[in-house]
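These protein sequences, in sequence, are chains R and E.
In terms of numbering that gives the first Met the number 0, the first sequence has 93 at position 94, counting the first letter as 1, and numbering is strictly consecutive.
In terms of numbering that gives the first Met the number 0, the second sequence has 1 at position 2, counting the first letter as 1, and numbering is strictly consecutive.
Glycine included, each C-beta is placed from N, C-alpha and C at the ideal position.
Remember, it's a predicted structure, so these values are computed and weren't measured experimentally.
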Amino acid sequence: MQLPIQVSTGVGALVPGLICTMSQEHLFQIETIWQGILLALQEPDKAWNWEYKLRLATNEERFEAYVVEVDTLAQGGILIETQWHRSQLDGPLSSRPPLVYVEYLATAPWNRKPLENPPFYKGIGGTLMAFVRTRSAELGFDGRVGLHSLPEADGFYRRQGMPNYGPDPDKDGLVYFEYGTL
Amino acid sequence: MDDKLSIQHSEHYSDLVAQLNDPVWLKQNAEIEGDGWVEAGNGLQPYVACLKKLSDQDMRKMKEQVRVLSMLLPVLRDWMVSWELGASFEAAYIEAQTLLFHHIQQAAAAQEGWVKELASAYEQGTRAEYPPAMLRKRLAEILTQENWQALAKVATQDMETRILQHAQIQTELPTAV
Numbered sequence: 000m001q002l003p004i005q006v007s008t009g010v011g012a013l014v015p016g017l018i019c020t021m022s023q024e025h026l027f028q029i030e031t032i033w034q035g036i037l038l039a040l041q042e043p044d045k046a047w048n049w050e051y052k053l054r055l056a057t058n059e060e061r062f063e064a065y066v067v068e069v070d071t072l073a074q075g076g077i078l079i080e081t082q083w084h085r086s087q088l089d090g091p092l093s094s095r096p097p098l099v100y101v102e103y104l105a106t107a108p109w110n111r112k113p114l115e116n117p118p119f120y121k122g123i124g125g126t127l128m129a130f131v132r133t134r135s136a137e138l139g140f141d142g143r144v145g146l147h148s149l150p151e152a153d154g155f156y157r158r159q160g161m162p163n164y165g166p167d168p169d170k171d172g173l174v175y176f177e178y179g180t181l
Numbered sequence: 000m001d002d003k004l005s006i007q008h009s010e011h012y013s014d015l016v017a018q019l020n021d022p023v024w025l026k027q028n029a030e031i032e033g034d035g036w037v038e039a040g041n042g043l044q045p046y047v048a049c050l051k052k053l054s055d056q057d058m059r060k061m062k063e064q065v066r067v068l069s070m071l072l073p074v075l076r077d078w079m080v081s082w083e084l085g086a087s088f089e090a091a092y093i094e095a096q097t098l099l100f101h102h103i104q105q106a107a108a109a110q111e112g113w114v115k116e117l118a119s120a121y122e123q124g125t126r127a128e129y130p131p132a133m134l135r136k137r138l139a140e141i142l143t144q145e146n147w148q149a150l151a152k153v154a155t156q157d158m159e160t161r162i163l164q165h166a167q168i169q170t171e172l173p174t175a176v
């Protein structure tokens, strides 16, 4: 799957990009180039415990992974689970509607202001969320998407207009956000 | 995964394509992102913690490396597509990226001129002065003879593995009576 899109550079220009199904090439870039940026810290193993799940996306039906690519370089990635998760809204579990659950959403190290100002590209996270909401609708989940935000990103999901259901004790107190129907 | 993805044929798809190419939406989307922290998923906590520890020097290196990669990777990919490697393309391309990234890291650490030159062209918006033919020549110079041999070996081994896998599958199938 390759969806042509426009991506905003850090200075506001628009350049062509793609949303693609995550391939071995992208996985390599995340494992080698993104990780290579962190090698100076001598903590690569600690930082990269998420590649196992990304690999699952290529083997297990219930996972899907996508990237935003510009200049053939992965600029951000998302891993979703499409079969096991249900809405966290009140009600008995059996009556809660299914949703797309975001296992991981990350942008490349160079796409954030504290590290690179202006960042190389802006809006990668929002683009992936828009895509995944559409994917949820495609799957018959009416656009429902749930995720646990890291504390640094809570503001981003609030600004996205995602309803906030508070800290989840089962996920180290990370705040759970959930989009309702489109 | 692509087989189950019917998104190309849906009404949502055309709405999404319009949205993701709409300059007004893209501007709002960029603003909403704020400082760029968007990470979700408990497993990414160490990733974010590591990013916060990057020093100014690490960030300068990162900037240079990403600029050079942004200039060279598309040319490398197009060039390798023209070699018509078939199913072995992916393995060879991944190996080529590994080797190129290694050279860029080393050159950036040693502050070699070509890295600074390409990074500067990217920064100043003068990429067009480096047409693909010129960058292909640069790639040919960056990769060593050993690198080219390694690439050829990866492509050959990948093809060999594919052929042997097919033979193996056939020998394991029960014979029809």
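Exercise for review: Take every Cβ of the segment 136-154 of chain R, pair it with every Cβ of the segment 68-82 of chain E, and state whether three or more of those distances are shorter than 8 Å.
Suggested key: no
Check your understanding: Within 10 angstroms of its Cβ, does Ile31 of chain E collect 16 or more other Cβ (buried), or is it exposed?
Key -> buried
Exercise for review: Pull out every residue of the segment 70-87 of chain E whose Cβ sits closer than 7 Å to any Cβ of chain R, in chain order.
Suggested key: Leu72, Pro73, Arg76
**Study point:** Exposure of His165 of chain E, with buried meaning 16 or more beta-carbon neighbours within 10 Å
**Key:** exposed
Review point. Applying a beta-carbon distance threshold of less than 9 Å, which residues of chain R neighbour Ile141 of chain E?
Key: In chain order: nothing, as chain R lies at least about 16 Å away.
Check your understanding: Along the chain, where does the alpha helix (DSSP H) that runs through Gln105 of chain E open and close?
Key -> 88-108
Review point. Helix, strand or coil: which one does DSSP assign to Gln1 of chain R?
Key: strand
Practice item. May I ask you to report which of helix, strand or coil DSSP gives Ala12 of chain R? Key: coil
Review point. How about Ala109 of chain E: is its C-beta nearer than 9 Å to some C-beta of chain B?
Key: Of the chains in the structure shown, none is chain B; the protein chains are R and E.
Exercise for review: Please say whether Ile18 of chain R and Gln1 of chain R have beta carbons closer to each other than 9 Å?
Suggested key: yes
Point to revise | 8 Å Cβ cut-off: residues of chain E touching Trp109 of chain R | key: Met61, Lys62, Val65
**Study point:** Any C-beta of chain R under 9 Å from that of Met0 of chain E
**Key:** Its pLDDT being 44, under 50, Met0 of chain E is placed unreliably by the model, and the measurement read from it follows with that caveat. With 9 Å as the cut-off, Met0 of chain E counts as an interface residue toward chain R.
Check your understanding: Can you tell which of R:His25, R:Tyr103, R:Gly125, R:Pro108 has its C-alpha closest to the C-alpha of Leu25 of chain E?
Key -> R:Gly125
Review point. Taking all protein chains shown into account, do 16 or more other C-beta atoms lie within 10 angstroms of the C-beta of Gln74 of chain R, making it buried, or fewer, making it exposed?
Key: buried
Review point. With a CB to CB cut of under 7 Å and the five nearest residues on each side skipped, what residues in its chain are close to Ile132 of chain R?
Key: Rather than Ile, the amino acid found at residue 132 of chain R in this sequence is Arg. Hits under 7 Å: Gly142, Val144, Tyr178, Leu181.
Review point. Going by DSSP, what residues sit across from Thr106 of chain R in a beta bridge?
Key: R:Gly75
**Study point:** In DSSP terms, what Asp201 of chain R is bridged to
**Key:** Look at the range of chain R in this structure, 0 to 181, and you will see that residue 201 of chain R is not part of it.
Review point. Distance, Cα to Cα, Val67 of chain R vs Gln18 of chain E?
Key: 15 Å
Check your understanding: Who are the Cβ neighbours of Ile141 of chain E in its own chain at under 6 Å, not counting the five residues just before and after it?
Key -> His102
Review point. Would DSSP call Pro173 of chain E helix, strand or coil?
Key: coil
Review point. What is the residue span of the alpha helix (DSSP H) that His147 of chain R lies within?
Key: Per DSSP, His147 of chain R belongs to no alpha helix (DSSP H); it is in the beta strand (DSSP E), 144-148.
Check your understanding: Mind listing which residues of the segment 28-44 of chain E have their C-beta closer than 9 Å to chain R's C-betas, in chain order?
Key -> Asn28, Ala29, Glu30, Ile31, Glu32, Gly33, Asp34, Gly35, Trp36, Val37, Glu38, Ala39, Gly40, Asn41, Gly42, Leu43, Gln44
Check your understanding: According to DSSP, is Pro97 of chain R helix, strand or coil?
Key -> strand
Practice item. With 9 Å as the threshold, decide whether the Cβ of Glu177 of chain R is near any Cβ in chain E. Key: no
Review point. So, does the CB of Gly124 of chain R fall closer than 9 Å to a CB anywhere in chain E?
Key: yes
Check your understanding: Around the C-beta of Thr36 of chain E, are 16 or more other C-beta atoms found within 10 angstroms, so that it is buried, or is it exposed?
Key -> The displayed chain sequence assigns Trp, not Thr, to residue 36 of chain E. The residue is buried, with at least 16 neighbouring Cβ atoms inside 10 Å.
Check your understanding: If you follow the alpha helix (DSSP H) that Glu63 of chain R is part of, which residue opens it and which one closes it?
Key -> It is not in any alpha helix (DSSP H) - Glu63 of chain R instead sits in the beta strand (DSSP E) that spans 62-69.
Exercise for review: Enumerate in chain order the residues of its own chain whose CB-to-CB distance from Val114 of chain E is below 7 Å, with the five nearest sequence positions on each side excluded.
Suggested key: Glu63, Val67, Ile103, Ala106, Ala107
Review point. Who are the neighbours of Ala136 of chain R on chain E, taking C-beta pairs under 7 Å?
Key: His11
Exercise for review: Could you name the residues that DSSP lists as bridge partners for Glu32 of chain E?
Suggested key: Per DSSP, none; premise fails for Glu32 of chain E.
Review point. What are the residues of the segment 101-134 of chain E that lie near chain R, defined by any Cβ-Cβ distance shorter than 8 Å?
Key: Gln104
Check your understanding: For Pro166 of chain R versus Tyr156 of chain R, is the C-beta distance shorter than 9 Å?
Key -> no
Point to revise | Listed by chain order, chain R residues near Met58 of chain E by CB distance under 8 Å | key: Leu114, Glu115
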